[in-house]
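With my numbering applied, the sequence shown covers 4 to 344. Just so you know, even glycine gets a beta-carbon here, dropped at the ideal spot from N, CA and C.
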Amino acid sequence: MTNLIAKTSTEIEDLLQPLVDHGYRGRQVANWVHQRGAQEFDEMDNLPKSLRAALEREFSLREPEILEICESGDGSAKFLLRFEDGVTVESVSMPEGAKATFCLSSQAGCAVGCTFCVTGAMGSGRNLSACEIVGQYRRLRRALGEETERVNIVFMGMGEPLLNTIHLEQALSVLYERVSPKRITVSTVGIIPGIEWLAALARRPKLAVSLNAPDQERREAIMPITRKYPLEELIRTIRNFPLERGRRITFEYVLIKDFNDAVSDASAVAKLIHGVPSKVNVIPLNEDADHFPELHQPSAETVDAFARTLRDLGHVVTVRWSKGADVAAACGQLKGRQPAR
Ligand code: SF4
């Protein structure tokens, strides 16, 4: 049964053509699905009953089931969601005044195996469908309420989005119904063919690249994917990435104590990305004693010195002490586990 939540308005109108006698009915249904977030066809009270019954027979509006919501002391909330086949993922909502940022997952598990990431430690899962990606947005959006005016989306949850480009492309087309591409960021470990795919899209979200080391050797040690897509080639690909006016590439840099946190490392990063319109997001590691007990978060002074060095060398830098760490919703902590029963 076709699920309309992962169809664009145009696709919904086309799908409904055989069922309706007036063209505007398709637009009405699309409006209910995307602008009003309908969960049941019965809510669509400006449609004839017979049409609602026909929609019910042929289509669905199924969304993932919410198994658990963990609210953090800092206002963010981690959602544990279950799909039809029982697979679970986690998504995070970070409200801030009239705005909110959603961190969505693109895969259940991840085969990439970055050593500082709990999702990576779970091993490979499966790609999420467009319905499952859009379903996360709908669940989180509804939980926020209408007083939140603007939502940003970052694909930094579970999985590597650029290893799931087919479903990501359809999900993006649908998300654009509510969220502008300039408010959506796709974060990658550096899948070069995926970055090239993104570069070729007519409507592009923003690109973030998880850098995490200034040289090939250390990057390989924590991000095995670097063997397949070497750092030098990755930076060359990023330099060719088309940027709309005012946009920058975000480089994420997880700062790990005594590994990649020296002032000399900050200088090396500055040199590596010199000339790329960018900002660097410095993320002090979120420790996890179960999955990577040997990796630690640097001191606040070390984090400051690293960020200051990059700034002094002319780079835009933000330091992101991750939100939601108290409920394991911070960067690299998502795993989609089952709740305790
Ligand atoms: S950081 Fe991203 S790509 Fe790396 S293991 Fe974790 S989820 Fe996968």
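Residue i vs residue j beta-carbon contact at 8 angstroms
i	j	result
M161	C113	yes
K10	V177	yes
I194	Y232	yes
V189	V115	no
V154	L337	no
L298	E304	no
T253	A211	yes
L234	P280	no
S94	L143	yes
G128	A111	yes
F244	A202	yes
E150	A101	yes
P184	P208	yes
V306	V320	no
K108	V90	According to the sequence displayed, residue 108 carries Ser and not Lys. Result no, Cβ atoms of S108 and V90 do not sit closer than 8 angstroms.
R39	E16	no
Q42	E66	yes
Beta-ladder partner(s) of residue i, from DSSP
i	result
F254	V212, V283
I187	I156
C73	K81
E68	R85
T11	Looking at the DSSP assignment, T11 forms no beta bridge with any residue, so it has no partner.
F105	S96, I156
S302	Its beta-bridge partners do not exist; DSSP assigns none.
R129	A111
S63	N6
T321	N284
T240	Answer is none; T240 lacks a bridge partner.
T91	R85
Residue from the options whose Cα sits closest to the Cα of residue i
i	options	result
E152	T13, N49, E99	E99
A103	I225, I156, R248	I156
R60	V283, L7, Q139, R39	L7
T13	V32, L22, M4	V32
R145	K52, A269, H37, P208	H37
N263	Q42, F119, L210, L70	F119
I187	A224, V137, P217, D218	V137
A133	L171, S281, V266	L171
M4	L54, S63, L58	S63
I238	R222, L275, A265	L275
D24	S53, Q42, G40	S53
R314	A205, E16, H294, H277	H277
R221	I198, P184, D268	D268
M97	P184, R28, E74, K209	E74
D48	R28, P184, E66, R65	R28
G317	R323, S270, L50	S270
D88	E135, S302, S108, L107	E135
A57	Q20, D77, R323	Q20
L22	I198, I69, L50	L50
F105	G40, A80, M125, T91	A80
I225	G76, W35, V266, C117	C117
S302	D261, A273, S325	D261
A3	V306, A292, V322	As displayed, the chain neither begins before 4 nor continues past 344, which places residue 3 out of reach and without an answer.
E236	A265, I198, D77	I198
V272	E223, S325, D218, W324	D218
Check your reading: residues with Cβ closer than 5 angstroms to the ligand SF4 heavy atoms
C113, V115, C117, C120, T122, G123, E163, V192
Determine contact between the stretch 78-91 and the stretch 309-318, defined as no fewer than three beta-carbon pairs at a distance below 8 angstroms.
no
Is the stretch 243-259 touching the stretch 279-293, taking contact as three or more C-beta pairs under 8 angstroms?
yes
Given 8 angstroms, three or more beta-carbon pairs between the stretch 193-207 and the stretch 163-170:
yes
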